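In the working numbering, the protein residues as written are -8 to 399.
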């Protein structure tokens, strides 16, 4: 009690957050602007509320909810705790944490709603979500070339969704910083797609779509681009001259652009999955979380009647991508640094949000009658055999004698 009272009266509590500074950039950039941010946010909110044309109740509710979300995000960007990452500005990552908190509250709220209420809520957001979109099949004709379309394979490669796929694996490589873990994610999710086609018909693709287009071209190409980006960031030089002292406009522009890259390069993640049983479990947990997030996306699309191009789908993926940047770093520090005694804030919020999102999806699937197709024997028995053989191999690999022999 005495220590708590001392902290309540201490100057450390009364002053603003520890100010992050960079000697080679503008000093005002990292100066707290709490009053300015609050005043600007309040001014625009009041102006829009008073000057906009009053619509029906539905439009008023939508605008009110959006305003609340924006106000909370601004509050978070100003007042939430700083994370590990500071570039391009700590406020950016505080805002990401604020949006993650909003998403957590949203999925917690949705967990308490029944299936019909969820349908009604999304119908109020967009009436197009009340009707299921036409099912698109990617495995009806698996020829790589036809008389009608002799370049069918290359047209498939140039599809906008596959270009987005490549960009997604570039981002995964930037987040995970280990090509072996990224490759495990790539191959593992293709296995999930192949063995989950009876549940989600959208998983059905031609063999060359799985192997050539997805694994090699899109996933592999995105991974290579990510590795090249990591190498460039790690190898770049720094000039410790302040922004105002850089003589040329081009030099100032380069320094401003460098503000969007990590300050001291990127910390190389050494996941070392097979070092110990504990490390194997930690990396396996990370992979499971990534697989779960990906599968949730497909399940939500199926239940909520969303086409792959519907704007909420890429927005959700973008949100999880932004959350993953500090979240994975915090998880890595937690499992790798003995001095880190607790999980970081973003990783904690992300874990809870994913857990409630999964609970919400499975509750909707249960009450809506989704995903009840029986598992074929051609899927069930290979999975069982792989699990049994994998457990036996892990027991032999991580057995006491085997570990001692490898450590010598």
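Positions of the beta carbon are idealized from the N, C-alpha and C atoms, including for glycine.
Just so we're clear, the structure is a prediction, and the values are computed from it rather than from any experiment.
#1: Please state the DSSP three-state secondary structure of residue 196.
#2: So, with DSSP's three-state summary, where would you put residue 176?
#3: Among the candidates 86, 277 and 136, whose CA atom is the shortest distance from the CA of residue 173?
#4: What residues in its chain sit with their C-beta under 7 angstroms from that of residue 323, if we drop five residues either side in the sequence?
#5: Three-state secondary structure (DSSP) at residue 298?
#6: Quick check: the Cα distance between residue 165 and residue 280, rounded to an integer number of angstroms?
#7: If residue 88 sits next to residue 336, beta carbons under 8 angstroms apart, how far is it from one beta carbon to the other, in whole angstroms?
#8: Does the beta-carbon distance from residue 58 to residue 86 come in below 8 angstroms?
#9: I'd like the list of long-range same chain contacts for residue 429, defined as Cβ closer than 7 angstroms, with 5 residues on each side in sequence excluded.
#10: Tell me the DSSP secondary structure of residue 191 in three-state form.
#11: With a threshold of 8 angstroms, are at least 3 pairs of Cβ atoms found where one atom belongs to the region 363 to 372 and the other to the region 177 to 192?
#12: For residue 303 and residue 380, I'd like the C-alpha separation in whole angstroms.
#13: Which same chain residues, not among the five before or five after residue 348, have their C-beta less than 7 angstroms away from its C-beta?
#14: Among 70, 269, 163 and 361, which one has its Cα closest to the Cα of residue 282?
#15: Answer yes or no: do residue 60 and residue 93 have a C-beta to C-beta separation smaller than 8 angstroms?
#16: Who are the near neighbours of residue 358 in its chain, counting only those whose CB is closer than 7 angstroms to its CB and skipping five residues on each side?
#17: Is the separation between the beta-carbon of residue 214 and that of residue 170 shorter than 8 angstroms?
#18: I need the DSSP call for residue 77, collapsed to helix, strand or coil.
#19: How should residue 292 be labelled, buried or exposed, when 16 other C-beta atoms within 10 angstroms of its C-beta is the threshold for buried?
#20: Do residue 115 and residue 49 come within 8 angstroms of each other at the CB atom, strictly closer than that value?
#21: Just how far apart, CA to CA, sit residue 385 and residue 265?
#22: Nearest to residue 354 by CA position, among 295, 315 and 382, is which residue?
#23: Can you look up residue 25 in the DSSP assignment and give me helix, strand or coil?
Taking the structure as given:
#1: strand
#2: helix
#3: 277
#4: 260
#5: coil
#6: 17 angstroms
#7: 6 angstroms
#8: no
#9: Residue numbering for the chain in the displayed model covers -8 to 399; residue 429 lies beyond these limits and cannot be assessed.
#10: coil
#11: yes
#12: 40 angstroms
#13: 98 and 287
#14: 163
#15: yes
#16: 105 and 106
#17: yes
#18: coil
#19: buried
#20: yes
#21: 10 angstroms
#22: 295
#23: helix
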